[in-house]
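Comments concern the structure below.
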Amino acid sequence: MMSTIEGKNDKPRRGAEFDLDGRVAMITGGAGGIGLELAKGLARYGADVILCDIREEPLAAAAHTIAADWGVRAAHRRLDITKKAEIEAVVASAAAELGHIDILVNSAGINIPQIAEEVSEEAWDKVLDINLKGSFFCCQAVGRLMIAQKSGKIINVSSQAGTVGLIRRSAYCASKGGMDQMTRVLAVEWAKHNVNVNSLAPTFLLTPLTQKMFEEKEFKDYVDANILLPRLATTDDLVGAAVFLASRASDMVTGAVLHVDGGWTAH
Ligand SMILES: NC(=O)c1ccc[n+]([C@@H]2O[C@H](COP(=O)([O-])OP(=O)(O)OC[C@H]3O[C@@H](n4cnc5c(N)ncnc54)[C@H](O)[C@@H]3O)[C@@H](O)[C@H]2O)c1
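Using this note's numbering, you'd call the opening residue of the sequence shown number 997 and step up by one each time.
As structure tokens, this is what we get:
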């Protein structure tokens, strides 16, 4: 005879290790694209957020929506991450306003696609300044607070471009490869302070950054051919990975590059 046993207990609910209640997350590039989607995702799991971006105008509305939708605190700051003094001032004022910063998501980034023989010095400097140098000094400013509080989670939004070569992206690939190496060094230096530093490396997703590229058939075919799973990736596909890296579920994970690339870098 078959019978169903019904269990009852008071054990913590499944998923509690992903709870971000009471944590404060600072997100660069938070005005749109991946940064905003990750901010919403972290807020959905309970985190208060500080949205930072060089584009000030969309920030206030985004912060209001996040606070209303998820019942969390949402602050916003205009921040140009190429300005070290500005980073330090924003981090100090945001930490004072929200009490602490537990999670840093470095999502601000740009790409200027050009074949290598045509890359200008100006374009090279701009990509490296924002993607690599700016992200490093955000890690440094927030990392100092995390070291003092003996805990923290840093998520550097890198790219599959940090792992494989992609045409027309010499500066971009260099910046993301550099970011992954920066992740490893910070992980090594800050492990003793209980600060986890990881890279989140997406494949191409449809965002304002890539909208124009996806309009070209040749580019879309190239992406379709290299993502092995049978669909394109969306910003939604990054949320679970970011929540994992931001939460206590990843307490023993540091220095990792988590590819969310549908298998692109596996072949
Ligand atoms: N979209 C993709 O296919 C894709 C794939 C892999 C990795 N990425 C990475 O994800 C990150 C986010 O990309 P996205 O697709 O959301 O792009 P996006 O253009 O939609 O968002 C980037 C944000 O960064 C901000 N920003 C640019 N320069 C800044 C500066 N100096 N200071 C502060 N903010 C600045 C922009 O205003 C923008 O809101 C980037 O680092 C990008 O390299 C994107």
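Each residue gets a CB set at the ideal place from its N, CA and C atoms; glycine is no exception.
Please read these numbers as outputs of a predicted model, since none were measured by experiment.
Under the 8 Å Cβ criterion, the segment 1203-1210 does not count as touching the segment 999-1011, having fewer than three qualifying pairs. In this structure, the alpha-carbon of C1135 lies about 16 Å from that of G1031. Here the distance from the Cβ of A1059 to the nearest heavy atom of ligand 1 is not below 6 Å. With a 10 Å radius around the Cβ and a threshold of 16 neighbouring Cβ atoms, V1181 comes out exposed. The way I'd put it, the segment 1094-1109 doesn't touch the segment 1051-1067; fewer than three beta-carbon pairs between them come closer than 8 Å. Ranked by how close their Cα comes to the Cα of L1016, the residues D1233, G1037, T1024, G1258 have G1037 in first place.
Per DSSP, T1061 is one residue of the alpha helix (DSSP H) stretching across 1053-1066. When the Cα atoms are used, D1220 and L1228 turn out to be separated by approximately 7 Å. When rounded, the separation of the alpha-carbon atoms in A1238 and L1034 is 7 Å.
S1195: member of the beta strand (DSSP E) spanning 1191-1198, first to last residue. Take the alpha-carbon of A1197 and the one of G1026: they are about 17 Å apart. Between T1230 and A1183, the C-beta spacing is not below 7 Å. As computed with DSSP, K1149 is found in a beta bridge with I1099, N1192. D1049 carries a strand assignment under DSSP once its states are collapsed to helix, strand and coil.
A contact is defined here as three or more CB-CB pairs under 8 Å, and the segment 1125-1134 meets this definition with respect to the segment 1078-1087. CA-CA distance, E1118 to G1148, rounds to 35 Å. If the five residues before and after S1154 are omitted, its C-beta is found closer than 6 Å to the C-beta atoms of K1172, M1175, D1176, S1195, A1197, all from its own chain and listed in chain order.
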